[in-house]
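Notes follow once the structure below has been shown.
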Amino acid sequence: MVSSSPIPLNELFSITKLTAQSKHIKAGNILINLFGPDIGRFSQYNQDGNVPDGTGKVIILRPDIIDEDYLYLLLNSSRYPISWDRNKTVHRTTIEYRFLYHESITLPKLPIQKKIVQVFQKANCLLDMRRKSDSLMQQTFNAMFIHFFGDPVQNPKGFNIIPLSDAVAINPSKKGISVPDDLWAPYIKMEDLLAEGYLLSDYRRVREMLEGSYSSFANGDVLFPTSSPSLENGKGCVITGLVQDIGFGSREFAVLRPISDVTHAFWIHRLLSLPSSRKYTAQFLTGSTGRRRISVSFLKSWRVPVPPFELQKEYADVVYSMNMIRQNQSLAKERLVQLLDFAQNNFL
Numbered sequence: 021m022v023s024s025s026p027i028p029l030n031e032l033f034s035i036t037k038l039t040a041q042s043k044h045i046k047a048g049n050i051l052i053n054l055f056g057p058d059i060g061r062f063s064q065y066n067q068d069g070n071v072p073d074g075t076g077k078v079i080i081l082r083p084d085i086i087d088e089d090y091l092y093l094l095l096n097s098s099r100y101p102i103s104w105d106r107n108k109t110v111h112r113t114t115i116e117y118r119f120l121y122h123e124s125i126t127l128p129k130l131p132i133q134k135k136i137v138q139v140f141q142k143a144n145c146l147l148d149m150r151r152k153s154d155s156l157m158q159q160t161f162n163a164m165f166i167h168f169f170g171d172p173v174q175n176p177k178g179f180n181i182i183p184l185s186d187a188v189a190i191n192p193s194k195k196g197i198s199v200p201d202d203l204w205a206p207y208i209k210m211e212d213l214l215a216e217g218y219l220l221s222d223y224r225r226v227r228e229m230l231e232g233s234y235s236s237f238a239n240g241d242v243l244f245p246t247s248s249p250s251l252e253n254g255k256g257c258v259i260t261g262l263v264q265d266i267g268f269g270s271r272e273f274a275v276l277r278p279i280s281d282v283t284h285a286f287w288i289h290r291l292l293s294l295p296s297s298r299k300y301t302a303q304f305l306t307g308s309t310g311r312r313r314i315s316v317s318f319l320k321s322w323r324v325p326v327p328p329f330e331l332q333k334e335y336a337d338v339v340y341s342m343n344m345i346r347q348n349q350s351l352a353k354e355r356l357v358q359l360l361d362f363a364q365n366n367f368l
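Numbering of the sequence shown is given in the numbering used here, commencing with residue 21 and proceeding in unit increments.
Put into structure tokens, the structure is as follows:
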């Protein structure tokens with residue numbers, strides 16, 4: 021089923037630098053960025069033609085024992101990371117090729133490689149379909165919001181405009197939380213927050229969460245990311261389904277709690293998820309690259325048009341079932357991504 025002994029990578033493939041005039045690049049060929057911010061990143065060329073300078077091509081030396089698509093899966097797994105060094109003379113990072121002589125792998129037989137590739141290709145097709153479905157659902161939600169309330173930037177229906185702090189409680193205090201200290205409650209990290217929904221992969225003692233500087237939330241609260249790039253990427257959700265009605269999380273997102281008979285969670289979430297809202301808030305990101313965020317004071321002073329509560333509730337009733345479907349789709353998509361990553365990093 022597998023090769024009798026590990027095979028050095030330099031016997032399987034080599035890397036050659038290409039230029040814009042390079043020929044013989046075909047769809048499916050493996051390319052690698054040789055320098056720049058994406059150094060070491062592999063991709064598969066998806067059409068015949070030339071490629072930009074600074075790109076390398078992976079040349080298969082033993083097509084009789086390794087499939088090109090299988091090699092692409094290997095090179096994108098964490099099991100065989102590419103090393104590189106800093107070329108201080110030209111002030112750029114360049115690939116260090118010596119790893120080819122120090123790394124060896126054990127290969128399945130060629131027919132098995134092809135079957136593995138087929139499984140991954142089918143899974144990736146399913147993932148692509150779910151991404152497209154997710155995008156269409158997002159567009160539908162946005163269109164329905166505009167139908168009910170109009171564009172909040174233009175406020176064509178003349179709703180009363182008030183500071184967001186008058187429409188929701190922002191980062192409500194943890195005082196008054198009455199649950200046993202030894203209870204284990206969900207903890208949501210920023211990476212657990214999806215574009216619609218969230219993953220519950222971590223649980224921590226309430227005692228530790230109450231003593232630390234963590235955010236707390238309950239069913240019906242809205243989570244809104246305050247840092248880049250999650251803010252621009254559309255992350256955020258309405259919290260539902262907490263068994264003990266309590267959870268904790270990162271300070272990288274704000275907790276927005278609806279005010280009774282004033283605002284509804286689904287209206288708040290969709291308002292803040294609109295592309296126009298994310299584009300507006302992104303203007304107020306401050307800080308260094310990689311750690312940019314918006315302030316709580318900005319959120320409190322952000323003025324938004326608030327429609328009558330009954331109209332918000334009518335909207336929420338319409339989108340509730342659709343929201344549950346989309347949330348399940350988002351969770352399924354994320355689980356599939358995790359499953360593919362796990363399989364690629366552990367079984368190839």
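Even for Gly, the Cβ is constructed at its ideal location relative to N, Cα and C.
Leaving out five residues before and five after A205 in sequence, what residues of the same chain have Cβ atoms less than 7 Å from its Cβ?
Locating residue 205 in the sequence shown gives position 185, counting from the first residue. Answer for A205: Y223, R224, V226, M229, Q264, I266, G267 and F268, listed in chain order.
Excluding five sequence neighbours on each side, which residues of the same chain lie with their C-beta closer than 8 Å to the C-beta of P200?
Translated into positions along the sequence shown, residue 200 becomes position 180. Excluding positions up to five away in sequence, the list reads V226.
Would you kindly work out how many angstroms separate the C-alpha atoms of N372 and F329, rounded to a whole number?
The question about residue 372 has no answer here: the residues shown for the chain are numbered 21 through 368.
Applying the 10 Å Cβ sphere with the 16-neighbour rule, what's the burial state of A187?
Mapped onto the sequence shown, residue 187 falls at position 167. By the 10 Å Cβ count, A187 comes out buried.
Among residues of its own chain, excluding the 5 on either side of S297, which ones have a beta-carbon nearer than 8 Å to its beta-carbon?
The sequence position of residue 297 within the sequence shown is 277, counting from 1. Result list for S297: P172 and L291, in chain order.
Beta-carbon proximity list for F304, same chain, < 6 Å, skipping 5 on both sides
For this step, residue 304 is matched to residue 284 along the sequence shown. Excluding positions up to five away in sequence, the list reads I314 and F318.
Give me the Cα-Cα distance between P327 and S321, rounded to the nearest whole angstrom.
Here the question's residue 327 lines up with position 307 in the sequence shown. Here the question's residue 321 lines up with position 301 in the sequence shown. In this structure, the straight-line span from the alpha carbon of P327 to that of S321 is close to 18 Å.
Kindly confirm or deny that the segment 121–140 and the segment 246–259 touch, where touching means at least three C-beta pairs closer than 8 Å.
no
CB contact flag (G48, Q64, <8 Å)
In the sequence shown, counting from the first residue as 1, residue 48 sits at position 28. In the sequence shown, counting from the first residue as 1, residue 64 sits at position 44. Contact flag set, yes.
On the three-pair Cβ rule with 8 Å, is the segment 276–296 touching the segment 232–252?
yes
For N53, the first and last residue of its enclosing alpha helix (DSSP H)
Counted from its first residue, the sequence shown places residue 53 at position 33. N53 -> not in any alpha helix (DSSP H); beta strand (DSSP E) instead, spanning I50 to N53.
What's the gap between the Cα of I26 and the Cα of E123?
In the sequence shown, residue 26 corresponds to position 6, counting from 1. In the sequence shown, residue 123 corresponds to position 103, counting from 1. Sequence inspection shows Pro at residue 26; the Ile mentioned does not correspond to that position. Rounded to the nearest angstrom, the two C-alpha atoms are 9 Å apart.
May I ask you to report which of helix, strand or coil DSSP gives Y65?
Your numbering for residue 65 matches position 45 in the sequence shown. If DSSP states are grouped into helix, strand and coil, Y65 belongs with coil.
Local conformation of W287 per DSSP, three classes:
Residue mapping note: residue 287 aligns to position 267 of the sequence shown, counting from 1. DSSP places W287 in helix when its eight states are reduced to three.
Any idea what DSSP makes of L262, helix, strand or coil?
Taking the first residue of the sequence shown as position 1, residue 262 is located at position 242. Correct three-state label for L262: coil.
DSSP beta-bridge partners for R313?
Walking along the sequence shown from the start, residue 313 turns up at place 293. BP columns for R313 point to S247 and T306.
According to DSSP, simplified to helix, strand and coil, what is K134?
Position 114 of the sequence shown holds residue 134. Helix, per DSSP.
Could you name the residues of the same chain whose beta carbon sits closer than 7 Å to that of W287, not counting the 5 residues immediately before and after it, in chain order?
Position 267 of the sequence shown, counted from the start, is the residue given in the question as residue 287. Around W287: Q332, Y335 and A336.
So, at 7 Å on beta carbons, what are the nonlocal neighbours of C145 in its own chain, with the 5 sequence-adjacent residues on each side left out?
Against the sequence shown, residue 145 aligns to sequence position 125. If we look at C145 and ignore the five residues flanking it on each side, it has no Cβ neighbours.
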